[in-house]
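The sequence shown begins at 57 in the numbering used here and counts up by one.
Every residue gets a Cβ at the ideal spot worked out from N, C-alpha and C, and that includes glycine.
Everything numeric in this text was worked out from a predicted model, so none of it was measured.
Take a look at the structure below.
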Amino acid sequence: MALAQEIKQQSLQLGFDLVGITGAEAIGDGHIKFFTDWLSRGYAGRMDYLHRNLEKRVDPAKLLPGAQSVIVVGLNYTPPKQDSVKQKTSPAGRDAAFAQYEDYHQFIKKQLRKLIAFIAKRVVCGVQFKMCVDAEPIAERAIAAKAGLGFIGKNHMLINPQLGCQVFLGEIITSLKLPADKPMKGDCSDCGKCVRACPTGALRSDGQFDANICISYLTIEYKGEIPADLAKKIGDRIFGCDECVLACPWQKNAPPCKNKEFRFCADRTVLDLKEILNLSQKDFDEKFAGSCFTRLGLENLKRNAKICLDNLQ
Ligand code: SF4
Ligand code: SF4
57 MALAQEIKQQ
67 SLQLGFDLVG
77 ITGAEAIGDG
87 HIKFFTDWLS
97 RGYAGRMDYL
107 HRNLEKRVDP
117 AKLLPGAQSV
127 IVVGLNYTPP
137 KQDSVKQKTS
147 PAGRDAAFAQ
157 YEDYHQFIKK
167 QLRKLIAFIA
177 KRVVCGVQFK
187 MCVDAEPIAE
197 RAIAAKAGLG
207 FIGKNHMLIN
217 PQLGCQVFLG
227 EIITSLKLPA
237 DKPMKGDCSD
247 CGKCVRACPT
257 GALRSDGQFD
267 ANICISYLTI
277 EYKGEIPADL
287 AKKIGDRIFG
297 CDECVLACPW
307 QKNAPPCKNK
317 EFRFCADRTV
327 LDLKEILNLS
337 QKDFDEKFAG
347 SCFTRLGLEN
357 LKRNAKICLD
367 NLQ
């Protein structure tokens, strides 16, 4: 079996749902222009790190000198149907689907390390690898689309026709030359359901995305007091927002995550708001160990819980 096929087969055995390969050449000027235009309009909010490393974002060889190929994997994180999840009766805040699992960064990195070890045994020494899972400056959705994993929708998510929009991505940049897959064709046509479903207008009708008023940004990335007019629109979303995903027709029939090793935490589908407000740091550390909530921290989680409670009263 050809090495590329072996890599793909092994990726699926490691529990990834999607895998594709693309060349490591820089992605087109169109992406750079769109991204720099987006930054210059101030739509990145306070995410200053997005202004840095622009060249690395679009050129994998800037992250790994001598890069030839990028192996892109996808992990479906559509949660189980809600009727199989116990609902709470006290005032509760909803969190985004991605946060209902163990920290995906750690899980995907663990599996990618195994994939690298598998490849390294089959190639000459000296082949280089660099693993990327969210933290590295790489235009991962554009690269995943180029590797054939899906297309980018008006909700700015990667959409795979079988799995919908809830797919975590991970990449291995390598100096190994592998045959590239074809990009997937697809677009949103005249649908605009995600734009209409967005509670704040962060998904703009001109196709731009204004992070400043996005509930995911406000509840996860934004530090400090959230302006009152935006706080009202947060509703009961304590951590993240899935409205533009759930509105998408591609997401309607998405199958739930089938990876049994990737731990789903049923007790995190909704959070008891009063309990959150009473958590000590020790409680928080224990309750949210190994989850994406640790990045947010207790203080900001309590800020969000207070907003949700106010909105529910
Ligand atoms: S995450 Fe929520 S607020 Fe942000 S763009 Fe999507 S629907 Fe709008
Ligand atoms: S809701 Fe419609 S417009 Fe938005 S991403 Fe899905 S298909 Fe595209």
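Selected residue, minimal CA-CA separation from Phe-163, among Asp-151, Arg-150, Met-187, Ala-152: Met-187
Residue closest to Val-301, alpha-carbon to alpha-carbon, out of Phe-154, Lys-241, Gly-291: Phe-154
Contact test: Cys-244 Cβ vs ligand 1 heavy atom, cutoff 7 Å: no
Cβ neighbours of Ile-290 in the same chain (closer than 6 Å, five flanking residues each side left out): Ile-271, Ile-363
Integer-rounded CB distance, given that Phe-224 should sit under 8 Å from Tyr-160: 5 Å
Under the three-state DSSP convention, the category Asp-115 falls into: coil
Proximity test, Ser-261 beta-carbon vs ligand 3 heavy atom, cut-off 7 Å: Inclusion of ligand 3 in the displayed structure is not the case, the ligand content consisting of ligand 1 and ligand 2 alone.
Three-way DSSP call (helix, strand, coil) for Cys-181 in this model: coil
Gln-146 versus Leu-120: straight-line alpha-carbon distance, rounded: Per the sequence shown, residue 146 should be read as Ser rather than Gln. Using only the alpha carbons, I get a separation of about 50 Å.
Residue environment, Arg-293, which counts as buried when at least 16 other CB atoms sit within 10 Å: buried
Bounding residues of the alpha helix (DSSP H) (the contiguous stretch that carries Ala-287): 284-290
Within 8 Å, strictly: CB atoms of Ala-198 and His-87: yes
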